[in-house]
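Report on the following structure.
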Amino acid sequence: MRPLLVLFLLTASATSLAAPYQGRLFDTEQKAQWGCSGDEVVWVDPPTGRWFRKGNGWYEDTEDGGYACRRDVEGGARPAARKPPAPQQPGYEDE
Numbered sequence: 007m008r009p010l011l012v013l014f015l016l017t018a019s020a021t022s023l024a025a026p027y028q029g030r031l032f033d034t035e036q037k038a039q040w041g042c043s044g045d046e047v048v049w050v051d052p053p054t055g056r057w058f059r060k061g062n063g064w065y066e067d068t069e070d071g072g073y074a075c076r077r078d079v080e081g082g083a084r085p086a087a088r089k090p091p092a093p094q095q096p097g098y099e100d101e
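Under our numbering, the residues of the sequence shown are numbered 7 to 101, in order.
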């Protein structure tokens, strides 16, 4: 019985860590840079409430994500674990 209680408490606390992000999102990085007035632009995945800095492998790589100002997301969303960058394809150049 005790192991089940511990498992339940761990699961309950883990699921409450990330709440959906309901703040302002921009549809382009350029609009976010203009709207963030010098603040860092991050990529937010609203359903999970996680955000990613540029250079993280998940940046611009979530289905329902968008750009936001870091100061706006730090109030509720939480930074996510780092995903390694995708390997470069031959002939591909970063823009």
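We treat Cβ as the ideally placed atom computed from N, Cα and C, and that holds for glycine.
Sequence-distant residues of its chain with Cβ nearer than 7 angstroms to residue i (five each side left out)
i	result
residue 70	51, 52, 53
Exposed unless 16 or more other CB atoms sit within 10 angstroms - verdict on residue i
i	result
residue 61	exposed
residue 49	buried
residue 15	Low local confidence applies: a pLDDT of 49 at residue 15 is under 50, so the model's placement there is unreliable, and no value is given.
C-alpha gap between residue i and residue j, whole angstroms
i	j	result
residue 77	residue 67	21 angstroms
residue 38	residue 55	18 angstroms
Cut-off 6 angstroms between Cβ atoms - residues of its own chain near residue i, not counting five sequence neighbours on either side
i	result
residue 65	49, 58
residue 75	42, 45
Proximity below 7 angstroms, CB of residue i to CB of residue j
i	j	result
residue 46	residue 73	no
Cβ neighbours of residue i in the same chain (closer than 8 angstroms, five flanking residues each side left out)
i	result
residue 79	27, 29, 48, 50, 57
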